[in-house]
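Everything on this sheet refers to the single structure shown next.
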Amino acid sequence: MGEFVEQSLESLLPTFEQLSHVQLFTESEVNAFVKRCRQFEYRLNKQEKTPRDFDLYAEYLCDFLKLLKSRRTKMQYWHKLKLIDRPMCKKVASIYRRAADRFQGDLHQWEKLINFLNEHTMRRELAAAYTRALQIHGRNENLRREFALWQFFSAASPQNARTQILASLRLFPGSAILYSALFTIEIHFVEKVLKRRKFITEKRGEHKHGSDDSDEERVYDEEVDDSIMNLDVAKAVVEQAISAVSREAVSDASRQFCRDFGRPGEQKHLFTTVVVTTTS
Numbered sequence: 002m003g004e005f006v007e008q009s010l011e012s013l014l015p016t017f018e019q020l021s022h023v024q025l026f027t028e029s030e031v032n033a034f035v036k037r038c039r040q041f042e043y044r045l046n047k048q049e050k051t052p053r054d055f056d057l058y059a060e061y062l063c064d065f066l067k068l069l070k071s072r073r074t075k076m077q078y079w080h081k082l083k084l085i086d087r088p089m090c091k092k093v094a095s096i097y098r099r100a101a102d103r104f105q106g107d108l109h110q111w112e113k114l115i116n117f118l119n120e121h122t123m124r125r126e127l128a129a130a131y132t133r134a135l136q137i138h139g140r141n142e143n144l145r146r147e148f149a150l151w152q153f154f155s156a157a158s159p160q161n162a163r164t165q166i167l168a169s170l171r172l173f174p175g176s177a178i179l180y181s182a183l184f185t186i187e188i189h190f191v192e193k194v195l196k197r198r199k200f201i202t203e204k205r206g207e208h209k210h211g212s213d214d215s216d217e218e219r220v221y222d223e224e225v226d227d228s229i230m231n232l233d234v235a236k237a238v239v240e241q242a243i244s245a246v247s248r249e250a251v252s253d254a255s256r257q258f259c260r261d262f263g264r265p266g267e268q269k270h271l272f273t274t275v276v277v278t279t280t281s
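Throughout, our numbering is defined as the position within the sequence shown, counted from one, plus 1.
Structure follows, in structure tokens:
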């Protein structure tokens with residue numbers, strides 16, 4: 002077992018070395034950290050493992066990351082992030098991933114993995130985690146909704162977000178929360194296109210070239226059909242939702258959207274008007 006423990010600790014060896022070199026922690030603190038990690042590794046190499054074994058190790062490393070950030074802030078030392086912080090984040094992610102794979106039927110394990118990856122902006126790993134989780138928990142509407150909204154807002158992939166939601170609606174044709182998510186995507190898509198067009202116009206007027214631009218923003222440079230920009234598609238989504246789900250669910254979806262959208266405006270007014278008019 003000892004050999005497997007040392008192999009598992011190898012990914013953290015550069016971190017252990019750098020922690021001593023940069024003097025963010027004392028030698029005794031680093032030694033105590035290494036000893037504690039080794040103890041957790043032994044727990045994960047037992048024949049019988051529980052979710053708690055994984056959770057305790059991951060939570061310990063997360064607490065250490067918070068302490069590390071606090072020490073960095075206090076000392077104003079922001080070097081060697083790739084050699085210290087990043088390997089630790091990857092280690093935590095691997096622990097949560099192992100737990101999710103071992104206890105696949107426990108959705109809570111997948112949620113902890115997803116939340117950690119999202120918090121630390123590990124997008125490639127997060128996309129893979131969502132995909133794997135949906136292979137096992139494909140009947141979970143909330144998980145499907147969260148993945149689609151993440152595709153849109155964080156991964157800057159409106160087409161993938163639409164594809165995910167539409168595929169989900171084929172499985173759950175009466176899902177109010179999925180219709181609400183699709184409407185949210187359509188509304189924010191129009192908003193982002195308008196904002197992008199305004200930015201390009203202003204940049205041309207000021208003769209700027211390339212500054213403050215990003216690949217994520219360029220997603221919204223493509224020509225967009227008038228039916229989308231005129232909110233006809235968004236309105237059609239609401240009308241389809243009203244015909245597909247119960248009156249009570251429509252009201253719940255309306256309240257959910259208002260909470261998601263977070264501010265008044267023409268788009269929210271359109272949603273409320275269509276719902277009230279159609280259901281009255």
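Every residue gets a Cβ at the ideal spot worked out from N, C-alpha and C, and that includes glycine. As the structure is a computational prediction, the values presented were derived from the model and not from experiment.
- For serine 21, the secondary structure class from DSSP, reduced to helix, strand or coil, is helix.
- Take the alpha-carbon of lysine 193 and the one of alanine 149: they are about 17 Å apart.
- For isoleucine 166, the enclosing alpha helix (DSSP H) begins and ends at 159-172.
- A contact is defined here as three or more CB-CB pairs under 8 Å, and the segment 179-198 meets this definition with respect to the segment 151-168.
- Taking a C-beta distance under 8 Å as the contact criterion, phenylalanine 190 and proline 159 qualify as a contact pair.
- Scanning the segment 90-145 for uninterrupted alpha helix (DSSP H) segments of 4 residues or longer gives 108-120 and 124-137, listed from N- to C-terminal end.
- Of all C-beta pairs linking the segment 64-76 to the segment 101-116, fewer than three are shorter than 8 Å, placing the two stretches out of contact.
- Close CB contacts of glycine 139 within its chain, under the 8 Å cut and outside five residues either way in sequence, are with Arg145 and Leu172 (chain order).
- The beta carbon of methionine 89 sits closer than 8 Å to those of Leu13, Thr16, Leu62, Phe65, Leu66 and Leu69, all from its chain and outside the five residues before and after it, given in chain order.
- In the DSSP annotation of this structure, glutamate 11 is not part of any alpha helix (DSSP H), being labelled neither H nor E.
- The shortest C-alpha to C-alpha distance from asparagine 141 to any of Leu179, Ala156 and Glu126 is the one to Leu179.
- Restricting attention to Glu18, Ala237, Ala177 and Lys204, the CA atom closest to the CA of arginine 248 is found in Ala177.
- The three-state secondary structure of glutamate 223, taken from DSSP, is coil.
- Counting along the chain, tyrosine 58 sits inside the alpha helix (DSSP H) bounded by residues 52-76.
- Apart from sequence neighbours up to five positions away, the residues of its chain that approach alanine 59 with a beta-carbon distance below 7 Å are Val93, Ile96 and Tyr97, ordered along the chain.
- The Cβ-Cβ distance between leucine 108 and asparagine 119 does not fall below 8 Å.
- Relative to glutamine 136, the option among Trp111, Trp151 and Phe41 whose CA is nearest is Trp111.
- The C-beta separation of valine 234 from serine 228 comes to about 6 Å, placing the pair in contact by the 8 Å criterion.
- Exposure of aspartate 226 is indicated by the presence of fewer than 16 other C-beta atoms within 10 angstroms of its C-beta.
- When Ser21, Leu232, Lys36 and Arg133 are compared, the shortest CA-CA separation from valine 6 is found for Lys36.
- Here leucine 179 carries a helix assignment [DSSP, helix/strand/coil].
- With contacts defined as CB atoms closer than 8 Å, leucine 114 and alanine 130 qualify as a contacting pair.
- The shortest C-alpha to C-alpha distance from phenylalanine 26 to any of Glu4, Phe55 and Arg72 is the one to Arg72.
- DSSP places threonine 27 outside both helix and strand once states are collapsed to three, so it counts as coil.
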